[in-house]
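Input: a single structure, listed below in C-alpha cells.
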Amino acid sequence: GQNIDQPTEMTATEGAIVQINCTYQTSGFNGLFWYQQHAGEAPTFLSYNVLDGLEEKGRFSSFLSRSKGYSYLLLKELQMKDSASYLCAVRATDSWGKLQFGAGTQVVVTP
Amino acid sequence: GAVVSQHPSWVICKSGTSVKIECRSLDFQATTMFWYRQFPKQSLMLMATSNEGSKATYEQGVEKDKFLINHASLTLSTLTVTSAHPEDSSFYICSARDPIRVQETQYFGPGTRLLVL
Chain F
829 GQNIDQPTEM
839 TATEGAIVQI
849 NCTYQTSGFN
859 GLFWYQQHAG
869 EAPTFLSYNV
879 LDGLEEKGRF
889 SSFLSRSKGY
899 SYLLLKELQM
909 KDSASYLCAV
919 RATDSWGKLQ
929 FGAGTQVVVT
939 P
Chain A
233 GAVVSQHPSW
243 VICKSGTSVK
253 IECRSLDFQA
263 TTMFWYRQFP
273 KQSLMLMATS
283 NEGSKATYEQ
293 GVEKDKFLIN
303 HASLTLSTLT
313 VTSAHPEDSS
323 FYICSARDPI
333 RVQETQYFGP
343 GTRLLVL
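Protein chains in written order, with our numbering: chain F, 829 to 939; chain A, 233 to 349.
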C-alpha cells in the first residue's frame, strides 16, 4: 500500500534548527518533494531529492535515503515567517508523475 | 519561476448550482495538470489528472460526472463542480507540471475556496 508518515506538529524557537522527518512506503518511487504551505494558501516548492544524499538550499536542506524510505527537511536559523505546514510528497513512477502527499507537519516558531 | 494562476479565488454558491474553476499555466506549457481538494487541517487529496487533449483520469472515489475536467489547451484546465452541495465546500487547488524543467516539478495555483450554501 501507499503510506507517507510525518509528525503532526513541531515547535521551535526563533533562530533554532528543526528537522522534519518523513518516512514512506510506496509502490513506486520517482523522487521526493518538500512543499511549504501557509494557512489558506497553496503549497510552494521547497526541495527535490531523487538520489541519496543531502541537498542544500540556503536555510533549508533536504536529505534522502531510498533504501530506508526516509527523508528529512532541515530548517536552520528559524524565522517567524517559517511557521507553516510542511508537506512531504512522493512522486509515483506513472507517466504523469502524480504526487502522493503526507498529512503535513505544522511547524510553530515561537519568539 | 513557473507561475500558475487560478480563478476565482473565492466562490460562494447556492446548493444545486454548478461552479467552474480555471487553472492556467502562465509562463510554460503544461501537458499535465492536477486537481486537488483540501479540507481544513488535512493534506492535499488528488482528485484527478488532466491531460491536454484527452480525458481526465480520476482517482478512486471521485465522481467524474460530478467533477468535470476539461484540458482544452496547453495552458488551461477547468474543473466544474456540478450540482454542488454543502459537502463539496473545500479548498480546490490545481497544479501544473513543467515538463521542461529537469525536476518536472509540480507548481501550484493559489487555490479556490468554494463555499456551498
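Even for Gly, the Cβ is constructed at its ideal location relative to N, Cα and C.
None of these values were measured; they are calculated from a predicted model.
Task: Where D910 of chain F sits in the DSSP three-state scheme - done: helix
Open item on the list: I want to verify the contact list: residues of chain A whose CB lies under 8 Å from the CB of L869 of chain F, in sequence order.
Closed with: According to the sequence shown, residue 869 of chain F is Glu rather than Leu. In chain order: P342, G343.
Task: Outcome for I832 of chain F when other beta-carbon atoms lying within 10 angstroms are tallied against a minimum of 16 - done: buried
Open item on the list: Quick check: E291 of chain A and L311 of chain A, are their CB atoms within less than 8 Å of each other?
Closed with: no
- [ ] Determine the DSSP secondary structure at D330 of chain A, reduced to helix, strand or coil.
- [x] coil
- [ ] Closer than 6 Å by C-beta to L927 of chain F: which residues in its own chain qualify, once you throw out the five before and the five after it? Chain order, please.
- [x] A917, R919
Task: C-alpha gap between P318 of chain A and A328 of chain A, whole angstroms - done: 27 Å
Open item on the list: Does the CB of Y914 of chain F have a neighbour CB from chain A at under 8 Å?
Closed with: no
Task: Secondary structure, beta strand (DSSP E): runs of 3+ residues fully inside the region 846-926 of chain F - done: 846-853, 860-865, 872-877, 881-885, 888-893, 898-903, 912-919
- [ ] Could you list the residues in the region 285-304 of chain A with a C-beta less than 7 Å from some C-beta on chain F, going in chain order?
- [x] none
TODO: Give the residues of chain A in contact with G926 of chain F, contact being defined as C-beta atoms less than 8 Å apart.
DONE: Sequence inspection shows Lys at residue 926 of chain F; the Gly mentioned does not correspond to that position. Residues of chain A passing the Cβ test: F266, L278, T281.
TODO: Verify the CB distance criterion: does F873 of chain F have a CB-CB separation below 8 Å to chain A?
DONE: yes
Open item on the list: Residues in the same chain with beta-carbon distance under 6 Å from F260 of chain A, minus the five sequence neighbours each way, listed in chain order, please.
Closed with: A234, D330
Task: Limits of the unbroken beta strand (DSSP E) element including L347 of chain A - done: 344-348
Task: 6 Å Cβ shell around G932 of chain F - same chain, five flanking residues per side excluded - done: S913, L915
- [ ] Determine the closest residue to K273 of chain A out of A:I301, A:K246, A:F323, A:S247, with distance taken between C-alpha atoms.
- [x] A:F323
- [ ] Consider the Cβ of Y324 of chain A: report whether some Cβ of chain F lies at a distance smaller than 8 Å.
- [x] no
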